[in-house]
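Reading through the structure tokens given below for one structure.
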Amino acid sequence: MFEKSALDYLYRERDDFTPLVVMMCGIAGSGKTTFSQKLEKAGFVRLSIDEEVWSANGRYGIDYPIEKYREYLDRAHARLRDKLVKLIHNKDQIVIDSSFWRKSERVEYKKLVEAAGGKWCIIYLKVSHADLLHRLKMRSKRFDANAAFPITEEVLTDFLNRFEVPKGEGEIVIEY
1 MFEKSALDYL YRERDDFTPL VVMMCGIAGS GKTTFSQKLE KAGFVRLSID EEVWSANGRY
61 GIDYPIEKYR EYLDRAHARL RDKLVKLIHN KDQIVIDSSF WRKSERVEYK KLVEAAGGKW
121 CIIYLKVSHA DLLHRLKMRS KRFDANAAFP ITEEVLTDFL NRFEVPKGEG EIVIEY
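Written as structure tokens, this is what we have:
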């Protein structure tokens with residue numbers, strides 16, 4: 001699917017009765033934040049796991065020790081889930097800017113969204129290894145929440161090997 005078609009679909013899916021939660025899915029550098037920011041400009045509330053970690057703890061390996069990352073990430077996920085439920089109860093439209101790279105995490109969030117009274121949509125951004133590597137090299141030169149966790153070529157390869165591609169989960173695939 002093309003990005004414009006996906007955006008048009010999401011805009012049509014919104015209503016005042018059942019909040020729509022868009023779950024971004026993809027490897028680091030796939031464009032999740034850029035796509036999420038487009039939805040934010042259209043009235044969605046954006047929840048970003050990277051920004052949640054950054055705002056509470058700063059930059060990986062600089063403002064806190066590397067070995068604390070998993071603990072801080074787990075705490076950030078708990079805060080993000082709490083915010084998500086409150087926003088659904090408030091009837092807000094939401095986009096979650098996170099990788100959702102494990103199927104079990106996607107299933108967990110779908111259940112959370114439905115239990116809180118919302119509906120969900122997964123947007124999977126599929127990008128080639130070469131394009132991801134190029135984007136991540138450019139991103140590493142920035143100093144912001146989305147560049148707070150440095151991703152080398154080795155880390156990217158590890159991510160790609162462990163990433164569980166959504167298949168048959170109700171996902172919309174956008175190829176960049």
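Counting from 1, one number per residue, gives the positions in the sequence shown under full-length UniProt numbering.
Glycine is no exception: its CB is placed at the ideal position from the N, C-alpha and C atoms.
- From the listed residues L132, K38, R106, the smallest Cα separation to G170 is found for R106.
- Between L7 and E13, the C-beta spacing is not below 8 Å.
- Put simply, the segment 70–90 touches the segment 114–127. At least three CB pairs are less than 8 Å apart.
- With contacts defined as CB atoms closer than 8 Å, W120 and K110 qualify as a contacting pair.
- Annotation for S48: no alpha helix (DSSP H) segment contains it, though the beta strand (DSSP E) segment containing it runs 45–48.
- Around the beta carbon of T33, 16 or more other beta carbons sit within 10 angstroms, so the residue counts as buried.
- By the criterion of a C-beta distance shorter than 6 Å, G29 is surrounded in its chain by L132, R135, L136, once the five residues flanking it on both sides are discounted.
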